[in-house]
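Numbering follows the numbering used here, with no gaps: position 31 of the sequence shown is 11. Quick reminder that beta carbons are idealized off the backbone N, C-alpha and C, glycines included. Following: one structure in structure tokens, then a few remarks.
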Amino acid sequence: MIKIIPKASIKDEAAGCSTITFVSGMAGICSVGRIAVDVMVTQFQARLVALMYLDDLPAQVVIDEKGMMNLPVVHIFLAKPAPDACFLLVTGEYQPSSNAGMFAFVDKLMRYLIEEQGVNITTIISIGAYIVEQVPSAPKVFVSGTDARVITSFLETDKATTRLMENGLISGANGVIPAWGTVLGIPGICLLAETVPVVKQDPRGAKLVIELLSKHFGFPFDFTPLVKGAREVETLLAEFNKTSRGASEMEQQARRDRQSYIG
């Protein structure tokens, strides 16, 4: 079961936009994508245009402070960071839990936007986390996609920050959503910010990706809402890296001691 509840005509809301960029930030490790999309929704004063319910989301409800039940849902927003440019921002607290559910979700979502709403999507982008053991002081954004020209354009937007993702796997929505662009004939791009799973939420990674998007598409952005959280993560990661190095040094010393011991 997949049910979409329209809240506004996307085609009407997007009137006058020469480009419509699809950006997804679903639930995932460190919530990098979800934080990024949530901040963009707030700053761009995006309008909610549809809700999407799926039976492959968790069979549970969240109770708010007023005792009201809320089903797991995917939110679809439309934002206009510039008069002639639109962003379709998609986010949710959960992802589909099965392979079949994930592909059905992406197929239905794109069919709704393109066929039912008549939206001419120019690029499909997903945002997520790139997990490493130790995050450097200057983390990078790893870029992969379905179109070599578009991949290059993102890499050249900020050569100091971006890196080409070579080999590997991307699971879940972050991989399937942009890769579905090959079926639709639309360029797909995945942007993964370096982080470690020791943090539950990483606004620093979200900030890094939004900075790249801001430079690439040329829209202004106030990063104030992310600065405090980013600094807190930097402090936490610095302590984590310090502890990890200390543990590694102790392990190496213990190994040397074992090797030099003669019983």
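DSSP has Ile244 in a bridge; who is on the other side?
Shown here, the chain extends from -19 to 243; a query on residue 244 therefore has no answer.
Are there 16 or more other CB atoms within 10 angstroms of the CB of Ser4, so buried, or fewer, so exposed?
If you number the sequence shown from 1, residue 4 lands on position 24. Buried, since its Cβ has 16 or more Cβ neighbours within 10 Å.
Would you kindly report the start and end of the unbroken alpha helix (DSSP H) that includes Lys195?
Residue 195 sits at position 215 when you count from the first residue of the sequence shown. Taken as a continuous stretch (DSSP letters only), the alpha helix (DSSP H) holding Lys195 covers 183 to 197.
Whole angstroms is fine: what's the gap from Tyr241's alpha carbon to Thr223's?
In the sequence shown, counting from the first residue as 1, residue 241 sits at position 261. In the sequence shown, counting from the first residue as 1, residue 223 sits at position 243. Confidence is the limiting factor: at Tyr241 the pLDDT is only 41, short of 50, which leaves the residue's position unreliable, though a coordinate-based value still follows. Tyr241 and Thr223: Cα-Cα distance of roughly 27 Å.
Pull up the distance between the alpha-carbon of Pro(-14) and that of Arg27, whole angstroms please.
Here residue -14 corresponds to residue number 6 of the sequence shown, with the count starting at 1. Here residue 27 corresponds to residue number 47 of the sequence shown, with the count starting at 1. Their backbone Cα atoms lie some 12 Å apart in a straight line.
Which residue or residues does DSSP assign as beta-bridge partners of Ser124?
Reading the sequence shown from its first residue, position 144 is the one you call residue 124. DSSP output for Ser124 lists Cys170 as bridge partner(s).
Going by Cα to Cα distance, which pick from Val189, Arg143, Met90 is closest to Leu164?
Translated into the one-based positions of the sequence shown, residue 164 becomes position 184. Considering only alpha carbons, the answer is Met90.
Between the Cα of Ile190 and those of Phe67, Thr215, Ile157, Asp127, spot the shortest distance and give me the residue it belongs to.
Indexing the sequence shown from 1 puts residue 190 at position 210. Comparing Cα-Cα distances from Ile190 to each of Phe67, Thr215, Ile157, Asp127, the minimum goes to Phe67.
With DSSP as the reference, label Asn79 as helix, strand or coil.
Numbered from its first residue, the sequence shown carries residue 79 at position 99. Of the three classes helix, strand and coil, the one that applies to Asn79 here is helix, per DSSP.
Does DSSP put Phe24 in a helix, in a strand, or in coil?
What you label residue 24 is simply residue 44 of the sequence shown in a count that begins at 1. Phe24: coil per DSSP, three-state reduction.
Cβ-Cβ distance between Cys170 and Ser77 below 9 Å
Translated into the one-based positions of the sequence shown, residue 170 becomes position 190. Translated into the one-based positions of the sequence shown, residue 77 becomes position 97. Result no, Cβ atoms of Cys170 and Ser77 do not sit closer than 9 Å.
Confirm, please, whether the CB-CB distance from Gly72 to Met32 is below 9 Å.
Position 52 of the sequence shown, counted from the start, is the residue given in the question as residue 32. Position 92 of the sequence shown, counted from the start, is the residue given in the question as residue 72. Cβ distance < 9 Å, so Met32 and Gly72 count as in contact.
Element boundaries [beta strand (DSSP E), containing Pro(-14)]:
As a position in the sequence shown, residue -14 is number 6, starting the count at 1. Element bounds for Pro(-14): -18 to -14.
Could you pull the DSSP bridge partners for Cys66 from this structure?
As a working mapping, residue 66 is identified with position 86 in the sequence shown. According to DSSP, Cys66 bridges with Ile0.
If the criterion is Cβ atoms closer than 9 Å, does the pair Pro183 and Ile0 meet it?
If you number the sequence shown from 1, residue 183 lands on position 203. If you number the sequence shown from 1, residue 0 lands on position 20. Contact flag unset, no.
Nearest neighbour of Ile(-16), chosen from Leu58, Ser11, Lys(-9), Ala30 [CA to CA]:
The residue given as residue -16 occupies position 4 in the sequence shown. When each option's Cα is compared against that of Ile(-16), the closest is Ala30.
Nearest-angstrom Cα distance between Ala234 and Val213?
As a first step, residue 234 is located in the sequence shown; it is residue number 254 there, counting from the start. As a first step, residue 213 is located in the sequence shown; it is residue number 233 there, counting from the start. The predicted position of Ala234 is uncertain, since its pLDDT is 44 and thus under 50; a value taken from the coordinates is nonetheless stated next. Rounded to whole angstroms, Ala234 to Val213 spans 31 Å at the Cα level.
Assumed close pair Ile104, Ile166 - CB separation to whole angstroms, cut-off 8 Å:
Taking the sequence shown and counting its residues from 1, the one referred to as residue 104 is at position 124. Taking the sequence shown and counting its residues from 1, the one referred to as residue 166 is at position 186. With 8 Å as the limit, Ile104 and Ile166 qualify as a contact, their Cβ atoms being about 5 Å apart.
For Ser11, is the classification buried or exposed, using 16 other Cβ atoms within 10 angstroms of its Cβ as the cut-off for buried?
Position 31 of the sequence shown holds residue 11. So Ser11 counts as buried.
Leu259, enclosing alpha helix (DSSP H) - first and last residue
Here the chain has residues from -19 to 243 only, and residue 259 is not among them.
Could you give the residue range of the beta strand (DSSP E) that holds Thr142?
The residue labelled residue 142 in the question sits at position 162 within the sequence shown. Note, Thr142: beta strand (DSSP E), 142 to 144.
Count the other CB atoms within 10 Å of the CB of Met49; is the residue buried (16 or more) or exposed (fewer)?
If you number the sequence shown from 1, residue 49 lands on position 69. Met49 should be labelled exposed.
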